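Participant:
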Amino acid sequence: MNLFELKERLQGEGILICFSGPFGHGIVEELGTAVKRYLEAAETRKSAIIDVFSVYIEAAQNVRNYSDRRRAAGAPAGELDENIVVIARRDEHYLVHAGNVVDDADVADLASRLDRLARLDKAELKALYKEQMRRERAPGAGAGLGLIEMARRATAPMAYTFTPTVTGQAFFSLCIVI
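Read in order, the letters of the sequence shown are residues 19 to 196 in my numbering.
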């Protein structure tokens, strides 16, 4: 592997931070700190720092939480390591990309939720967020706010893909433009 070529390619793509591997709580925190420091050093607007940091945290936690649920359900360890988060800068925008393996059974529901969010404007997203906050949830279940919060902070509808894997699952890729 030629690291110089890799570094050049990452810079050419505007990639500021990239992590691929298992997401533990410590990794999410450390990368979050690095993201915040990088943006501050680049003299990024305070509102953009908050939005990028918040979206990164939500995306990374979604990846980690999904991996944790799969681990509890007995997924093989190797599949749990197939996670990635990337933060890039393109023109005047920051892009937060997150990806992980998902079970085929979860694809339709996740796509439906993302498509619904893409159809909502900022006021509708805010109302949905408030509605979700008031909903009763099962013990141990998340509040279901992560995707809504990312959509609220995004400057364009969130883009996603599901790529079939050889294990009969799908690799879920999500891109949020800020």
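We put the CB at the ideal spot given by N, CA and C, even for glycine. Keep in mind the model is a prediction, meaning the values are calculated, not measured.
I want to check one thing, is the minimum distance from the CB of Asn20 to the heavy atoms of the ligand HEM below 8 Å?
Facilitator: The ligand HEM is not part of the structure shown, which contains no ligands of any sort.
Participant: Measuring only the C-alpha atoms, how far is Val103 from Arg63?
Facilitator: Roughly 22 Å between the two C-alpha positions.
Participant: Per DSSP, which residues does Leu192 bridge with? Please list them.
Facilitator: Leu192 is bridged to Ala116, Tyr178.
Participant: Which same chain residues end up closer than 7 Å to Gly186 when comparing Cβ atoms and leaving out the 5 residues on each side of it in sequence?
Facilitator: Result list for Gly186: Asp122, in chain order.
Participant: Express the C-alpha separation of Lys25 and Glu58 in angstroms, rounding to a whole number.
Facilitator: Going by the C-alpha atoms only, they are around 22 Å apart.
Participant: Within 10 angstroms of the Cβ of Ala161, are there 16 or more other Cβ atoms? Answer buried if so, exposed if not.
Facilitator: The predicted position of Ala161 is uncertain, since its pLDDT is 49 and thus under 50; no value can be drawn from it.
Participant: Buried or exposed: Ala60, going by 16 or more other Cβ atoms within 10 Å of its Cβ?
Facilitator: So Ala60 ends up on the exposed side.
Participant: Identify whether Arg137 lies in helix, strand or coil by the three-state DSSP scheme.
Facilitator: Reduced to three states, the DSSP call for Arg137 is coil.
Participant: Is it buried or exposed for Gly117, if we count other Cβ within 10 angstroms and need 16 for buried?
Facilitator: Its Cβ being crowded by 16 or more others within 10 Å, Gly117 is buried.
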